[in-house]
Amino acid sequence: MSDQQKFEPKIRSVGLNGVLVTFGEKATDAANRAAIAFRTAVDTQHWAEVEESSSTLVSAFFRVDLAAHRFDKIHDRMQGVLAEQDWANARLPSGRTLWTIPAVFGSDRAPQLAEAAEAAGLSQAAALQELTTARLRVLTLGFAPGQPYLGTLGEHWDIPRQVGLSPNVPAGALVAAVRQICLFAKDTPTGWRHVGQSAFHCFRPKGGTPFPLSPGDEVQFTDISAKELARIEAHNDDGAGAAIREVLE
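Under our numbering, think of the first position of the sequence shown as 6, with each following residue one higher.
This is the structure:
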């Protein structure tokens with residue numbers, strides 16, 4: 006099925022905790038865009054029944070107390086919103102943010118760039134070019150607080166996870182697999198390949214905005230030297246890692 010073809014969203018209850026609206030069985034650009042746009046469309050209507058919402062790679066979740074509110078009524082209201090447009094071609098909401106984040110690619114700070122490039126059938130130079138020219142969408146947040154999954158890279162970046170785990174990859178790491186980049190919020194073991202390293206903090210519990218990134222935001226990386234990264238790390242009290250923030254219309 007083409008990523009641009011229509012799909013049939015599914016509305017399901019999640020126990021008594023809420024309602025899940027799913028736009029596809031696999032992660033595609035259209036399904037992710039629809040999930041983000043649909044969540045925003047419902048949020049802007051300020052339904053009293055919806056306590057909070059979130060989006061995943063292909064779904065939008067709305068926390069609703071289904072012991073107090075009938076699922077069939079919520080279902081019908083959701084269906085009414087779904088009928089308003091072709092969600093396969095939905096526009097992303099305005100007011101999103103473009104983040105330009107400096108990072109080191111390769112070297113001992115990101116030692117698996119060459120390995121990932123080879124798996125993608127690219128030279129290291131070509132891989133670096135693609136990783137620093139792509140504008141990647143924040144597809145969803147998960148696994149750790151504020152941690153973004155970014156995509157979608159070209160099909161040749163559909164590289165598998167490693168057979169074993171890297172025992173520890175630091176916070177701020179850019180790791181690659183399955184056409185995505187994950188920007189780590191904390192030190193963690195991983196099966197994804199460590200291709201870049203930034204000083205960007207995805208989780209800032211002491212700030213006014215603990216999660217600086219949101220689904221639908223866009224991220225572009227710039228290549229810097231290890232020396233420049235060390236300088237940024239030494240003066241990174243705000244956790245921004247010298248990132249530049251621009252509001253998208």
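Just so it is clear, CB atoms sit at the ideal spot from N, CA and C, and this is done for glycine as well.
Check                                                                                                          : Outcome
Same chain, Cβ closer than 8 Å to Pro98, neighbours up to 5 away in sequence not counted                       : Ile41, Ala42, Thr45 and Gly221
Thr195 burial status per 10 Å Cβ neighbour count (16 or more: buried)                                          : buried
7 Å Cβ shell around Glu54 - same chain, five flanking residues per side excluded                               : Val69, His74 and Ile79
8 Å Cβ cutoff met for Gly177 and Ser219                                                                        : no
Boundaries of the alpha helix (DSSP H) in which Asn22 is found, first to last residue                          : From DSSP, Asn22 is part of no alpha helix (DSSP H); its letter is neither H nor E.
Per-residue DSSP class, three states only, for Thr157                                                          : coil
Assigned secondary structure, Asn173 (DSSP; H/G/I helix, E/B strand, else coil)                                : strand
Residues near Leu144 in its chain [Cβ-Cβ closer than 8 Å; skip 5 each side]                                    : Ala32, Asn37, Leu62, Pro153, Tyr154, Leu155, Gly156, Thr157, Gln185 and Pro220
Other residues of its chain near Val19: CB distance less than 6 Å, five sequence neighbours each side excluded : Leu25
Uninterrupted beta strand (DSSP E) stretches inside the region 45-97 (no shorter than 3 residues)              : 57-60 and 64-68
Counterpart residues of Val200 in DSSP-defined beta bridges                                                    : Val200 pairs with nothing; no bridge assigned.
Nearest-angstrom beta carbon gap, Ala119 and Gly111 [assumed within contact, 8 Å]                              : 7 Å
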